[in-house]
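For what it's worth, this note's numbering labels the leading residue of the sequence shown as 745, then goes sequentially.
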Amino acid sequence: MLSEVEIGCATTNSKYKERLDCAVVKIPKSSSLSGVFTTNNFKSAPVKNCLKKFSQKMSGEKLLAINAGNANAGTGKAGENDLELVLDSIAQETGINKKNIFHFSTGVIGERLEIKSITSTFEKCLKVFKRNNFQSLATSIMTTDKKIKISKTIVKIGNKKFSIVGVAKGVGMIEPNMATTLSFVFTDLKISESTLKKIHKNICNETFNSISVDGEQSPSDSSILVATGKNLIKSPKLLRIFEKSLLKIFTELSEKLLLDGEGATKLIEIEVSGLKSKIACKEVAKKIANSPLLKTAAYGEDPNWGRILSAAGNTENKFQEKDVSLKIGKIRVLEKGEIHKKYKESLGKKEFKKKRISLAIILGSSKHSAKVKSSDLTHEYVSINSDYRS
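Rendered as structure tokens:
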């Protein structure tokens, strides 16, 4: 599976003792790359560097270098200089043009990189390349994650089989407007760069851009999609097969982020429909997803549906109370603004006891709809983030 991609991982033994926290991924010359990055104005040095490189034409062998524990964000010009030192070191070791070396950092904001430690660890990574080393890659990029996040599938197109493998990290500071904290997805199909970018952006909007743990967008958010194959796929039908399989991978990764969200115990799926546009529906769905009152109610297994509707009404998107219907799972709570005659609190509570809670809110008569996924808010989330740097 994806034998063209080689991955080397090692540990700095600094923030995460005896745990992999650095990785280098070798990408074949013929590969197409797509990157989607944070829209946060407070971007990290690696993101700013990658944005420049991804706006230019790329050719030749490429490397992805990732470190966990330090985001190299909020470090000003010094952070940018530190990044260049890291890139220079890798370029010198490999002979690869540093324009083709992409650095990604995740972790604490506002601290300088430990250059000697990072560069020496990347040198170790370069000496231990292995094929199909995705398990180690998934471990190397974790910060406060408890579980590795990896997803893979086999795609059958015609008489041939192809692979898609993805890894991601992130459990807090997650409500990206593009991707996630960090994700790297690889396929051994050959897709043109322009097509890959279009597909990547669309799928990010449907998955990583539709989740929230805590409503916070990181300065380091990056999603990279790599197509390494040699036989170019152009057929719209075959591309749709690929896109459907890729959507499955991104959906699985985004849900794994939520289920491993800092302190999370439940996944909440919110569907809003009936407003004037999909954008309007998504705005309301996100408002509900980010409501601390709903998230704590989910943790307490309390079907306090008034919190759902209060959050829905707290945007600039107008609707009439008489048009509002609400379902929790398959249980009808409201119908056209009135409490459903068969609704009982015990039925709602039964739904809120489930690991996955489903909410469907109708706010009008249009066919537009949007889905957003969230997680509950627990005591553990507060503990993790109050102790994050200690």
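Ideal placement from N, C-alpha and C gives every residue a C-beta, glycine not left out.
Collapsed DSSP secondary structure at residue i in the structure displayed
| i | result |
| --- | --- |
| Arg-686 | Residue 686 falls outside the range modelled here, since the chain spans only 745 to 1134, and no answer is possible. |
| Lys-1093 | helix |
| Lys-934 | strand |
| Ile-1023 | helix |
| Ile-1072 | strand |
| Glu-1013 | strand |
| Lys-843 | helix |
| Thr-897 | strand |
| Gly-1040 | In the sequence under discussion, the amino acid at residue 1040 is Thr, which differs from the Gly named in the question. Thr-1040: helix per DSSP, three-state reduction. |
| Phe-873 | coil |
| Glu-950 | helix |
| Gly-1005 | coil |
| Thr-924 | Low per-residue confidence applies at Thr-924: pLDDT is 44, beneath 50, and the placement is therefore not dependable enough to give any value. |
| Phe-906 | strand |
| Val-1077 | strand |
| Lys-770 | strand |
| Val-1028 | helix |
| Glu-1082 | strand |
| Arg-763 | coil |
| Ile-892 | coil |
| Ser-758 | coil |
| Lys-941 | helix |
| Lys-992 | helix |
Length of the line joining the Cα atoms of residue i and residue j
| i | j | result |
| --- | --- | --- |
| Ala-822 | Val-780 | 25 Å |
| Lys-773 | Ile-1023 | 39 Å |
| Glu-996 | Ser-989 | 11 Å |
| Met-922 | Glu-1065 | The predicted model places Met-922 with a pLDDT of 39, which falls under 50 and marks its position as unreliable, so this point remains unresolved. |
| Pro-790 | Val-911 | 19 Å |
| Gly-902 | Lys-1071 | 42 Å |
| Ser-1021 | Ile-1083 | 26 Å |
| Gly-1050 | Ser-954 | 23 Å |
| Pro-920 | Phe-906 | Note that Pro-920 has pLDDT 48, beneath the 50 cutoff, so the model's placement of it is unreliable and no number is given. |
| Leu-1038 | Lys-893 | 26 Å |
| Gly-818 | Gly-973 | 38 Å |
| Ser-967 | Leu-926 | 6 Å |
| Leu-969 | Ile-993 | 12 Å |
| Phe-930 | Ile-885 | 16 Å |
| Arg-896 | Gly-1081 | With the sequence shown as reference, residue 896 is identified as Lys, and Arg is not the correct amino acid for it. Approximately 44 Å between the Cα atoms of the pair. |
| Met-802 | Gly-820 | 27 Å |
| Val-899 | Ile-908 | 7 Å |
| Lys-941 | Ser-1090 | 47 Å |
| Thr-782 | Cys-794 | 11 Å |
| Gly-804 | Glu-1124 | 46 Å |
| Lys-761 | Lys-1026 | 41 Å |
| Ser-1054 | Pro-1036 | 12 Å |
| Ala-835 | His-847 | 12 Å |
| Lys-913 | Ser-956 | 14 Å |
| Lys-797 | Ser-778 | 11 Å |
| Glu-824 | Leu-746 | 33 Å |
| Ile-1105 | Gly-1007 | 26 Å |
| Thr-865 | Ile-845 | 16 Å |
| Asp-932 | Ile-862 | 30 Å |
| Lys-759 | Leu-983 | 42 Å |
Proximity test, residue i beta-carbon vs the ligand ZN heavy atom, cut-off 7 Å
| i | result |
| --- | --- |
| Asn-1061 | What this structure holds is no ligand at all, so the ligand ZN is not there to describe. |
Given residue i as reference, the closest of the options once Cα atoms are compared
| i | options | result |
| --- | --- | --- |
| Leu-1121 | Lys-1115, Asn-1129, Leu-870 | Asn-1129 |
| His-851 | Leu-1002, Asn-811, Thr-1040 | Sequence inspection shows Gly at residue 851; the His mentioned does not correspond to that position. Checked all of Leu-1002, Asn-811, Thr-1040; the closest Cα to Gly-851 is Asn-811. |
| Tyr-1087 | Asn-1048, Asp-1004, Ser-954 | Asn-1048 |
| Ser-1110 | Ile-1012, Ile-1052, Lys-1026, Gly-1018 | Gly-1018 |
| Val-735 | Ser-775, Glu-762, Leu-764 | The structure shown does not extend to residue 735, since the chain is modelled only from 745 through 1134, so no value can be given for it. |
| Thr-755 | Lys-806, Ala-767, Glu-858 | Ala-767 |
| Ala-809 | His-1084, Ser-803, Gly-1108, Asp-832 | Asp-832 |
| Gly-813 | Asn-784, Gly-839, Gly-854 | Gly-854 |
| Glu-987 | Ser-966, Ala-1029, His-944, Val-1028 | His-944 |
| Phe-1095 | Lys-871, Phe-866, Gly-1073 | The displayed chain sequence assigns Glu, not Phe, to residue 1095. For Glu-1095, the nearest C-alpha among the options comes from Gly-1073. |
| Ala-971 | Ser-758, Lys-806, Met-886 | Lys-806 |
| Ser-799 | Ile-985, Ile-1014, Ser-938, Lys-1030 | Ser-938 |
| Lys-1085 | Glu-950, Ser-1069, Lys-1099 | Ser-1069 |
| Lys-1030 | Asp-965, Leu-827, Asn-949 | Asn-949 |
| Phe-952 | Leu-1001, Leu-982, Val-1028 | Leu-1001 |
| Leu-881 | Asp-1131, Asn-1034, Asp-765, Gly-1005 | Asp-765 |
| Ser-936 | Lys-1115, Lys-1010, Asp-965, Lys-978 | Lys-978 |
| Ser-1113 | Glu-1015, Gly-1044, Lys-1097, Thr-865 | Glu-1015 |
| Lys-868 | Lys-891, Ile-751, Asn-844 | Ile-751 |
| Asp-965 | Lys-759, Lys-1097, Ser-788, Ile-1075 | Ser-788 |
| Asn-975 | Ala-1042, Lys-904, Phe-873, Phe-878 | Lys-904 |
Nearest-angstrom beta carbon gap, residue j and residue i [assumed within contact, 8 Å]
| i | j | result |
| --- | --- | --- |
| Glu-999 | Lys-842 | Not confirmed; about 36 Å, so no contact. |
| Leu-991 | Ile-947 | 5 Å |
| Val-1077 | Gly-1057 | Their Cβ separation, rounded to whole angstroms, is 16 Å, which puts Val-1077 and Gly-1057 out of contact at 8 Å. |
| Pro-963 | Phe-786 | 5 Å |
| Leu-1103 | Ile-1012 | 7 Å |
ask   = Where are the alpha helix (DSSP H) runs, 4 residues long or more, that stay fully inside the segment 1102 to 1133, in chain order?
value = 1123 to 1130
task = Return the chain-ordered ranges of every beta strand (DSSP E) run that is complete within the segment 780 to 805 and spans a minimum of 3 residues.
result = none
ask   = Of all the beta strand (DSSP E) runs that stay within the bounds of the segment 815 to 870, which reach a length of 3 or more residues?
value = 845 to 852
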